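Participant:
In our numbering, the protein residues as written are 1 to 127.
#1: Are three or more beta carbon pairs between the segment 95 to 105 and the segment 3 to 16 nearer than 8 Å?
#2: Just curious, the beta strand (DSSP E) that residue 83 is in, first and last residue?
#3: Which same chain residues, not among the five before or five after residue 19, have their C-beta less than 7 Å away from its C-beta?
#4: For residue 45 and residue 93, what's the separation of their Cα atoms in angstroms?
#5: Determine the closest residue to residue 68 out of 85, 95, 21, with distance taken between C-alpha atoms.
#6: Would you mind listing the alpha helix (DSSP H) stretches within the segment 32 to 113 that are 4+ residues and don't spill past its ends, in chain order?
#7: Give the single residue among 83, 110, 111 whose Cα lies nearest to the Cα of residue 98.
#8: Out of 120, 90, 70, which has the shortest C-alpha to C-alpha gap to residue 63?
#9: Using CA coordinates, which residue listed in 33, 37, 50 is at the minimum distance from residue 43?
Written out as structure tokens, the structure reads:
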């Protein structure tokens with residue numbers, strides 16, 4: 001089972017972040033919620049930041065604004081995570097340039113709330 005960190009996870013059942021969290025878990029992924037506002041989300045321990053994790057996820061998925069994304073990306077590099085997925089509205093040119101300069105594998109053209117879950121599986125397996 002692949003592990004994913006979801007930056008901006010939410011416990012609000014109406015939010016897109018919660019819907020994505022639920023969809024990924026139903027798809028068989030281990031989803032690690034990251035949001036300093038919560039202790040748990042749907043019974044899963046929530047972490048304030050990537051640096052608090054005890055294990056390293058294979059992919060980091062972003063559900064926050066581009067400014068916050070750019071602030072978090074150095075943690076991704078520091079933890080040697082190589083793959084990032086940006087949901088619509090979570091990236092800008094500066095974010096993509098940072099990823100390019102740090103040799104991160106990026107997906108930013110597909111939305112995981114719409115695309116088949118196999119799209120993420122293919123991204124994880126790809127080099």
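No residue lacks a Cβ here, since even glycine has one placed at the ideal position from N, Cα and C.
Predicted, not measured: the structure shown is a model, and the values here were computed from it.
Facilitator: So, from the data block:
#1: Contact between the segment 95 to 105 and the segment 3 to 16 is not established, with fewer than three Cβ pairs separated by less than 8 Å.
#2: Taking the first residue of the chain shown as 1, we reach residue 83 at position 83. In the DSSP assignment, residue 83 falls within the beta strand (DSSP E) that extends over 83 to 86.
#3: Translated into the one-based positions of the chain shown, residue 19 becomes position 19. Counting only Cβ-Cβ distances below 7 Å, and skipping sequence neighbours, we find 113.
#4: Against the chain shown, residue 45 aligns to sequence position 45. Against the chain shown, residue 93 aligns to sequence position 93. About 32 Å.
#5: Your numbering for residue 68 matches position 68 in the chain shown. Of 85, 95, 21, the residue nearest in Cα terms is 95.
#6: Here the runs fully enclosed are 66 to 78, 93 to 101.
#7: Counting from 1 along the chain shown, the entry for residue 98 is found at position 98. A check of alpha carbon separations from residue 98 across 83, 110, 111 identifies 83 as the nearest.
#8: Looking up residue 63 in the chain shown gives position 63. If we check each option's Cα against that of residue 63, 90 comes out closest.
#9: Stepping through the chain shown from its first residue, residue 43 is reached at position 43. Closest by C-alpha distance to residue 43, out of 33, 37, 50, is 33.
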